[in-house]
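Read in order, the letters of the sequence shown are residues 1195 to 1445 in the working numbering. A virtual CB, placed ideally from N, CA and C, is assigned to each residue, including glycine.
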Amino acid sequence: MAVLKKNRILVTSPIDKSISIQVEFDVHVSSEGWFSTTIPFDTVEKFKWAEIPLNTNRLSKPGYYKSKTMDGIYDQIKNDCEMYVSSELIDEKIVIKYSIITNCSYCIDDNGGIVPNGRWVGENYQWKEGTERQNATERSPFGIKIFAKPYFKKTYRFKNGKTIDKYEAFSEFGSGTISSDDSRYYLRWLQGLTSIAHENGKLNEIEYNENIAKFFVDAIKGICSINEKIKDLINPESIKELSENNIRLLK
1195 MAVLKKNRIL VTSPIDKSIS IQVEFDVHVS SEGWFSTTIP FDTVEKFKWA EIPLNTNRLS
1255 KPGYYKSKTM DGIYDQIKND CEMYVSSELI DEKIVIKYSI ITNCSYCIDD NGGIVPNGRW
1315 VGENYQWKEG TERQNATERS PFGIKIFAKP YFKKTYRFKN GKTIDKYEAF SEFGSGTISS
1375 DDSRYYLRWL QGLTSIAHEN GKLNEIEYNE NIAKFFVDAI KGICSINEKI KDLINPESIK
1435 ELSENNIRLL K
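Rendered as structure tokens:
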């Protein structure tokens, strides 16, 4: 039986590029014009693990392919490789990805009062930090930042047993005015935020329900409300007037 050129097939999952399979094999042709090959043992083991049916040759070795054409051999092996990297959607749900960042550094005295540093109270105090630690080289203005956006979370399971999560941006429910009695009013509200983005770093996630969506909407509205109250009051003249009348900038 004549041996033709060595062939190589590489197939990668369109869902997860880290999942791929490469097969190298020799193709033989018989005097009757039949093309055949037996794929390597390591590939056979992978196909078995993925429960892909395999034919055996005359020596009972699995991984045997036979066809009247060279392309037929190639297509059969490629199809099994595509089966190996294939996946099924096993779960899909809506999650909210979020981050809540606070920047601050201060001390608490024995009475629970907030003081700027420990020297104000002697030895009895506790340093407090925000979610982002302030230090000598990475100080920043005090404040709070919130990011919250809904995503579709899709979980795929591959033939080799691996599972992965993929996130897709949440799409709108139709268009037009959103009424407050919409069953997903707060979810749509978060989706509608077009000028929000998260900073570099890990995002938390939580499975969506309307109460959780409302929590984030209320938090974001709170920041917007503060902005509406103070954005025109931070010039020196306004601060002087507020201080003289004992009015707080933030209440």
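Distance check for residue j and residue i, CA to CA, integer angstroms please.
i	j	result
Gly1307	Leu1397	32 Å
Arg1333	Phe1410	27 Å
Thr1388	Arg1382	12 Å
Lys1240	Pro1234	10 Å
Val1223	Asn1201	14 Å
Gly1227	Ser1212	38 Å
Val1217	Ala1244	15 Å
Met1264	Lys1272	12 Å
Ala1391	Ile1417	15 Å
Leu1443	Gly1312	25 Å
Ala1356	Asp1236	The sequence shown places Lys at residue 1356, rather than the Ala named in the question. Between Lys1356 and Asp1236, the C-alpha separation is close to 18 Å.
Ile1294	Ile1400	13 Å
Pro1310	Ile1338	18 Å
Val1221	Ile1203	13 Å
Glu1422	Lys1415	10 Å
Asp1274	Lys1262	18 Å
Ser1419	Asp1412	10 Å
Ile1215	Leu1198	22 Å
Asn1439	Tyr1300	27 Å
Gln1270	Lys1242	16 Å
Beta-carbon within less than 6 Å of residue i's beta-carbon, same chain only, minus the 5 sequence neighbours each way: which residues are those?
i	result
Phe1336	Asn1297, Cys1298
Gly1324	Thr1296, Asn1297, Cys1298
Tyr1258	Thr1232, Asn1249, Thr1250, Asn1251
Given residue i, which residues of its chain have a CB within under 8 Å of its CB, disregarding the five upstream and five downstream residues?
i	result
Ser1369	Residue confidence is low: Ser1369 scores 48 on pLDDT, short of 50, so the model does not pin down where it sits. Its coordinate-derived value is still stated next. Counting only Cβ-Cβ distances below 8 Å, and skipping sequence neighbours, we find nothing.
Leu1427	Ile1433, Leu1436, Leu1443
Glu1404	Ser1377, Arg1378, Tyr1379, Tyr1380, Leu1381
Lys1406	The sequence given here places Ile at residue 1406; Lys does not occur at that position. Cβ neighbours of Ile1406 beyond the five flanking positions: Ile1290, Ile1400.
Arg1447	Residue coverage of the chain in this structure runs from 1195 to 1445, which leaves residue 1447 outside it and unanswerable.
Could you pull the start and end residues of the beta strand (DSSP E) that residue i belongs to?
i	result
Glu1218	1214-1223
Ser1207	Note, Ser1207: premise wrong, no beta strand (DSSP E); not H, not E.
Ile1288	1281-1297
Gly1257	1256-1261
Ser1230	1229-1232
How is the alpha helix (DSSP H) around residue i delimited, first residue to last?
i	result
Thr1237	1235-1243
Arg1382	1379-1385
Glu1276	1264-1278
Under 7 Å Cβ to Cβ from residue i, same chain only, skipping five residues before and after it: list those, please.
i	result
Val1302	Residue identity differs from the one stated: residue 1302 is Ile in this sequence, not Val. Only Ile1308, Tyr1319, Gln1320, Lys1322 meet the Cβ criterion.
Val1238	Leu1248, Pro1256, Gly1257
Report yes or no: do the segment 1313-1322 and the segment 1201-1220 share at least 3 C-beta pairs separated by less than 8 Å? no
Do the segment 1272-1282 and the segment 1321-1332 meet, that is, are 3 or more Cβ pairs less than 8 Å apart? no
Does the count of Cβ pairs from the segment 1346-1366 and the segment 1253-1271 closer than 8 Å reach three? no
Unbroken stretches of the beta strand (DSSP E), 3 residues or longer, contained in the segment 1306-1374: 1319-1323, 1337-1352, 1357-1363
To test your reading of the DSSP string, which unbroken alpha helix (DSSP H) runs of 4 or more residues are found completely within the segment 1389-1436? 1404-1424
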